[in-house]
Amino acid sequence: MTVRVVPYALPLLAPVRGRVTRRGWVVAVEEDGLVGWGEAACWPGFGAGARATRRALRPRASEGRSTEDTEDAPRAPRPLGASPEARGALEQAHLDLAAQRAGVSLAAWLAPAPRASVAVHALVAGPDDVERWPGVTTFKLKVGDAPWPRDLARVRAVRAAAPAARLRLDVNGRWSVADAIPRLRALADLGVDLVEQPTPPGDLAGLARARSEGGVRVALDEGLRGEDDLDAALATRAIDAVVLKSQALGGLLAAGRLARRAAAAGLEVVVTHALETAVGRAGALALAAGLPGDPVCGLGPALAVDVADLPAVAGGRAPLPAGVGLGVTGAALDARRGVVTGGGAWS
Ligand SMILES: [Mg+2]
Numbered sequence: 002m003t004v005r006v007v008p009y010a011l012p013l014l015a016p017v018r019g020r021v022t023r024r025g026w027v028v029a030v031e032e033d034g035l036v037g038w039g040e041a042a043c044w045p046g047f048g049a050g051a052r053a054t055r056r057a058l059r060p061r062a063s064e065g066r067s068t069e070d071t072e073d074a075p076r077a078p079r080p081l082g083a084s085p086e087a088r089g090a091l092e093q094a095h096l097d098l099a100a101q102r103a104g105v106s107l108a109a110w111l112a113p114a115p116r117a118s119v120a121v122h123a124l125v126a127g128p129d130d131v132e133r134w135p136g137v138t139t140f141k142l143k144v145g146d147a148p149w150p151r152d153l154a155r156v157r158a159v160r161a162a163a164p165a166a167r168l169r170l171d172v173n174g175r176w177s178v179a180d181a182i183p184r185l186r187a188l189a190d191l192g193v194d195l196v197e198q199p200t201p202p203g204d205l206a207g208l209a210r211a212r213s214e215g216g217v218r219v220a221l222d223e224g225l226r227g228e229d230d231l232d233a234a235l236a237t238r239a240i241d242a243v244v245l246k247s248q249a250l251g252g253l254l255a256a257g258r259l260a261r262r263a264a265a266a267g268l269e270v271v272v273t274h275a276l277e278t279a280v281g282r283a284g285a286l287a288l289a290a291g292l293p294g295d296p297v298c299g300l301g302p303a304l305a306v307d308v309a310d311l312p313a314v315a316g317g318r319a320p321l322p323a324g325v326g327l328g329v330t331g332a333a334l335d336a337r338r339g340v341v342t343g344g345g346a347w348s
């Protein structure tokens, strides 16, 4: 078995929280002529972060050289335990291989009878973006960077441009509980459907108060690191929904377990990726396609230049790629190797 880790730096479709470039690692695990793909892309507030993930992946990268998984390997891989992102990347690559060997799609390997596409929301900055997404019935706005009156005006403008749409907001934990309550009430008047992490992670009592007094459904995102956080949120009746990023949770299998537990408890489940390439996005699509119901997820494209092509979002749905395994082939990645910067050879 050969493991390769290649760092990438690719342009985002639109700036997110001031960032224009997405950096991460694509992981390829080769065995018996097959290649499985995974990805680690860290984002502030989630997982172990870039430094820990780089350290966990470094022995596998070796500046582009492969690391042979044999007893006399020149550098034994370090434990992956310190980084859920690194674990998730390696796990996805192995799941991709397992599904290829079984001759089924990764979605079908993860769950029986997966859907062929996943309903998606579109991330918009303002009303002008709405028309770029025909067929999309759920829009999401990031708020919390600007003064509240400006954010509120932006939400109002999107509401006016899409009067029948479901609106989701993401605060990324930037509001205090005291600020969140009147703001959530104002958003309730605009028919906002769901607000992700309105208050800082780690304060479930505060989130529960904001939820009950604000009158808008709220989701746990940064505050969900594993099963214990879900248990605590359920016990305090703090949330209506969970947002799941598989790599921050240690991989697709852990995320799938959490998703099914959350759904069984009556919570809405939103699978998202962390502004990842086609590799991570295809893994998240495979997970979402087999979950109960037909959840509206955050799985549209995030990058202006990607490492591979996935089928375009159409009619508010992201189709899964065809083929066995992840459906994102090495050939496609090889063909785009010029855009993966800072890495070593793919050969
Ligand atoms: Mg979020």
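All letters in the sequence shown, in the order written, are residues 2 to 348 by this note's numbering.
The beta-carbon is built from N, C-alpha and C at its ideal position, and this holds for glycine as well.
Gly207 versus Val271: straight-line alpha-carbon distance, rounded = 22 angstroms
Output yes or no for whether 9 angstroms exceeds the beta carbon distance between Glu197 and Arg169.
-> yes
Assuming Ala117 contacts Leu250 (C-beta within less than 8 angstroms), just tell me the rounded distance between them.
-> In fact, because the Cβ distance is near 25 angstroms, the residues do not count as touching under 8 angstroms.
For Val244, is the beta carbon positioned less than 8 angstroms from some heavy atom of ligand 1?
-> yes
Smallest Cα separation from Ala220: which of Ala108, Glu269, Ala100?
-> Glu269
Rounded to whole angstroms, what's the CA-CA distance from Lys143 to Leu124? Just pull it up for me.
-> 8 angstroms
4-residue-minimum alpha helix (DSSP H) runs that sit fully inside the segment 248-300, ordered along the chain | 253-265, 279-290
Mind checking who Trp110 pairs with in its DSSP beta bridge?
-> Looking at the DSSP assignment, Trp110 forms no beta bridge with any residue, so it has no partner.
At which residues does the alpha helix (DSSP H) containing Arg212 begin and terminate?
-> 205-215
Pairwise C-alpha distance: Leu259 and Leu253 | 10 angstroms
Whole-number beta carbon distance between Val306 and Pro12, since they are thought to touch under 8 angstroms | 6 angstroms
Using 8 angstroms as the threshold, is the segment 272-279 in touch with the segment 226-240, meaning 3 or more CB pairs across them?
-> no
Pair within 9 angstroms by beta-carbon distance, Gly316 and Gly136 | yes
Taking the C-alpha atoms as reference points, what is the distance between Thr330 and Arg160?
-> 40 angstroms
What does Phe140 pair with, by DSSP beta-bridge criteria?
-> Ala123, Leu168
Which listed residue (Pro183, Ala147, Asp129, Trp134) has its alpha carbon closest to that of Ala158 = Asp129
Identify the residues that DSSP records as bridge partners of Val308: which are they?
-> BP columns for Val308 are empty, so no partner.
Residue range of the alpha helix (DSSP H) that includes Trp149 = 149-162
Straight-line Cα distance separating Val28 from Ala112 | 23 angstroms
How would you call Arg151, buried or exposed, if buried means at least 16 neighbouring beta carbons within 10 angstroms?
-> exposed
Spatial neighbours of Leu14 within its chain, please: CB distance less than 7 angstroms, with the 5 preceding and 5 following residues excluded, ordered by chain position.
-> Pro302, Ala303, Leu304, Ala305
Expressed to the nearest angstrom, what Euclidean distance is found between the alpha-carbon atoms of Val172 and Leu188?
-> 12 angstroms
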